[in-house]
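Taken in order, these protein sequences are the chains called G and U. Counting in the working numbering, the first sequence runs from 2 upward without gaps. Counting in the working numbering, the second sequence runs from 2 upward without gaps. Data first, discussion second: the structure below is written as structure tokens.
Number of protein chains: 2
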Amino acid sequence: MKLSARKEKILANVVEHYIPTGEPVGSKALSEKLGYSSATIRNEMSELCELGLLEKNHASSGRIPTSAGYRYYIDNLMSTSPLGDMECAKLEAMLRAGAKTPEKILENAGGILARLTGCATVVTTPADAQAKISKVELIPASSKTAILVLLTSSGILKNCVCRIDIDINENVKDRFKEIVDKYFLKAKVAELSEEMLEEIIGALENEDYAIKPLLSALYELGKEAGESKAYVEGESNLLAHRDAYGDITELMQFLQQREQLSRLVSFQETPQNSRMSILIGSENYFAEMEQSSVILSRYAFGNNAMGTIGVIGPTRIDYAKLIPDVEYLTDMVGRLLSEHYSEDEE
Amino acid sequence: MKLSARKEKILANVVEHYIPTGEPVGSKALSEKLGYSSATIRNEMSELCELGLLEKNHASSGRIPTSAGYRYYIDNLMSTSPLGDMECAKLEAMLRAGAKTPEKILENAGGILARLTGCATVVTTPADAQAKISKVELIPASSKTAILVLLTSSGILKNCVCRIDIDINENVKDRFKEIVDKYFLKAKVAELSEEMLEEIIGALENEDYAIKPLLSALYELGKEAGESKAYVEGESNLLAHRDAYGDITELMQFLQQREQLSRLVSFQETPQNSRMSILIGSENYFAEMEQSSVILSRYAFGNNAMGTIGVIGPTRIDYAKLIPDVEYLTDMVGRLLSEHYSEDEE
DNA sequence: ATTAGCACTTGAAGTGCGAGAGTGCTAACA
DNA sequence: TGTTAGCACTCTCGCACTTCAAGTGCTAAT
């Protein structure tokens, strides 16, 4: 669908007026700005309504953009400008300030983005379903407690504490190492399965049966390394945009369900071509997100591991400003994480 | 302060009527219920107002309890009944379901309590400032990355990934172990200080200087083990109680600041006698919490480590129901964590 | 000490009305 | 044929006004 130049001008003006003010825009205001009479504008707007790009709140009020309207605007009309050097430097400094561990980098990034944009942000932990288990360590912490550490080929590291009911002596360690070498090492995390775990446990000899908890825990760690987990930050920022929502309670409740969020984010990953993904209002799969837009971008580090960072706000968020913000922050996060994990460069 | 039996009856009835309905209660309703004439009730209520236990929203509407009113009610008039066996069993099952790691136990408990109470919950990680560092492990993960593990005498375990710019060979390990043994092992985490860290780093010989990041990271881990961190769950539940708040935005924003929350919770720890702590409305130190109440309880496990679990809701929450809920859940969490960590029993 | 009665206060809810913004449609115009 | 002017119509919003119910404080009687 290609609009006439004049329709595009009108659409762009409606969007750009509506986003900051939240007020429906009428024909008169545009007529002054664009030099056509209000009647002409009205005719054009009426057609834009029929095309599904604009809509009215009630029979007689100004027009506001529909999801499709925003979509057309973003894809064809909007121009974004990259962040200024000053701002980049400031963000980088903030991001580096608390960057002691990968978890903190992500948490920090979410918080910074939330403050920067005044919206809620979602951050997912890095994961790579294609990664292979490259290292497993078992460290006795006390006589019957051990720490299990797992490292994948893409640089993802997971660990947990595990309790078993026997002494962790050399024998146990050896037996564990044997099983790990045979079944877990070099295995793709995506290919770990309940069945496989049960098979391994089933094959345990009697005296080795006590190490079952270790194997279960290891399996869990592997699974975790393959699946990214979503965290939300700055939800309360959305309360400031309450006027853009009918009832904001639904949305807030939705944002507290991590599994749902993971799905929300993973849905975006289908378009393989671009790193950015924008879903506007009704484009979102979830009914609770109908009045919201999501701007997502992927970060990557190490060998193929990646996660997502994004903002969630009302459909009338300032796309032109937020898109570069999100983009820059994901870049930085990827870079910081690489610095943390990489072995060879730097 | 001791009230007459009749005043107590009136106060109790006001509180018990106001909590579920949220409506100010007038003299007429009480007169029917208590058998005194409305005028008598009015006189008594007027005195309760002067005592600061009741107040009016506006010159001519029913009375509602003040913070002091709730306080008197809770301390002297309220009776709580323990949870039923059925409910206990259900909660225990839910809690055990996802209880694979200590972190998950806590997260899970927060979520369960939030759903159970319809309020926000706050959970702090276990910490013990008096604990000593009992074990430190350094595990090379790749040529220049290592995992650092720290265990305290009270059973708290912390770990992180650390990157240094030299190969982690036997030499480095030995040197690190030497320093750990000398300065960190058996040290109280509360006594770790920046100065001490700088002193240690200052004393490094040239060739050892590269292990500085390891020492910094270790210091951070020790600090973390001594300080508990607060997490909130179920904030969106508070939106359902919006009518109990003027503007809920302030509160929501407050709940997102982890440092503030830690303070909110640590303030409660002063009364050493009891495990439970209830702060009502203006009893809270923070202005943002003026319209909220907090019910906190401590869990403990292992050797002296403890944390807090609690609910946050409007001042007119159902104390009689929530107090046993919180109590039971903290007990369970303590027990579950003990099962995870304990070495000797079970 | 308790109660009945009465005047008064206050907020909530409903009504009516006019202003303002904006639309759709028709007819005139270049 | 595309554009514009004009007009009747619609809808929201704020304001003033009324009414109603609930509840109070106070005084006087019991």
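Positions of the beta carbon are idealized from the N, C-alpha and C atoms, including for glycine.
For M95(U), there is no enclosing beta strand (DSSP E); the enclosing alpha helix (DSSP H) has its first and last residue at D86 to A98.
Counting only runs of at least 3 residues, the segment 271 to 304 of chain G fully encloses the following beta strand (DSSP E) elements, listed from N- to C-terminal order: 277 to 281 and 293 to 302. At a cut-off of 7 Å between beta-carbon atoms, R164(U) makes contact with chain G. Residues of the segment 118 to 149 of chain G whose Cβ lies closer than 8 Å to any Cβ of chain U, in chain order: K136, E138, I140, A142, S143, S144, K145, T146 and I148. Chain G has no Cβ within less than 7 Å of the Cβ of L151(U). By the C-beta criterion, the segment 274 to 282 of chain U is judged not to be in contact with the segment 118 to 137 of chain U, since fewer than 3 inter-stretch pairs fall below 8 Å. Between M253(U) and chain G, the shortest Cβ-Cβ separation is below 7 Å.
The shortest CA-to-CA distance from A301(G) to any of R317(G), I165(G), A40(G) and E340(G) is the one to E340(G).
Assignment of beta-bridge partners to N238(G) by DSSP yields no partner. Of all residues in the segment 91 to 109 of chain G, those with a C-beta nearer than 8 Å to a C-beta of chain U are K101, T102 and P103, reading in chain order. Boundaries of the beta strand (DSSP E) harbouring V137(G): I134 to S143, taken from the DSSP string. Secondary-structure assignment with DSSP links P66(G) through a beta bridge to L55(G).
Nearest to L338(U) by C-alpha distance, out of Y73(U), K101(U), L186(U) and T146(U), is K101(U). The continuous beta strand (DSSP E) containing R164(G) extends over residues L158 to R164.
The criterion of a C-beta distance shorter than 7 Å is satisfied by G311(G) and V295(G).
Residues V190 and L193 of the same chain have their beta carbon placed closer than 8 Å to that of K224(G), with the five preceding and five following residues left out of the count. By the 16-neighbour rule on beta-carbons within 10 angstroms, P315(U) is buried. Close CB contacts of F177(U) within its chain, under the 7 Å cut and outside five residues either way in sequence, are with L139, I212 and L215 (chain order).
The continuous beta strand (DSSP E) containing G311(G) extends over residues A306 to P315. With respect to the 7 Å criterion, S263(G) and A241(G) are not classified as neighbours on the basis of their beta carbons. Bounds of the beta strand (DSSP E) holding T125(U) are A121 to T125.
Contact annotation: in the segment 223 to 237 of chain U, residues whose CB is within less than 9 Å of a CB in chain G are E234, G235, E236 and S237. Taken in chain order, the unbroken stretches of alpha helix (DSSP H) that lie wholly in the segment 167 to 191 of chain G and span 4 residues or more are 171 to 180. Rounded to the nearest whole angstrom, the CA to CA distance from M290(U) to D248(U) is 12 Å.
In this structure, the CA atom of V173(U) is about 58 Å from the CA atom of G85(U).
Interface residue (Cβ-Cβ distance to chain U less than 7 Å): L158(G) is classified as such. Contacts with chain U at 7 Å (Cβ-Cβ) include H341(G). Closer than 7 Å to the CB of L265(U) there is not a single CB belonging to chain G.
Out of C161(G), I65(G), E104(G) and V16(G), the CA that lies nearest to the CA of K105(U) is found in C161(G). Closest in C-alpha terms to E51(U), from the list I169(U), G23(U), A40(U) and G70(U), comes G70(U).
Contact annotation for L215(U) against chain G: no contact, minimum CB-CB distance about 13 Å [criterion: below 9 Å].
In the structure shown, T146(U) adopts extended strand secondary structure according to DSSP, grouped into three states.
Counting C-beta pairs with one atom in each stretch, the segment 138 to 154 of chain U and the segment 133 to 149 of chain G have three or more that are closer than 8 Å, which means they touch.
Closer than 7 Å to the CB of L240(G) there is at least one CB belonging to chain U. Each residue's CA atom was taken as its position, placing S229(G) and N14(G) some 40 Å apart.
With respect to A226(G), T153(G) sits close: the two C-beta atoms are nearer than 7 Å.
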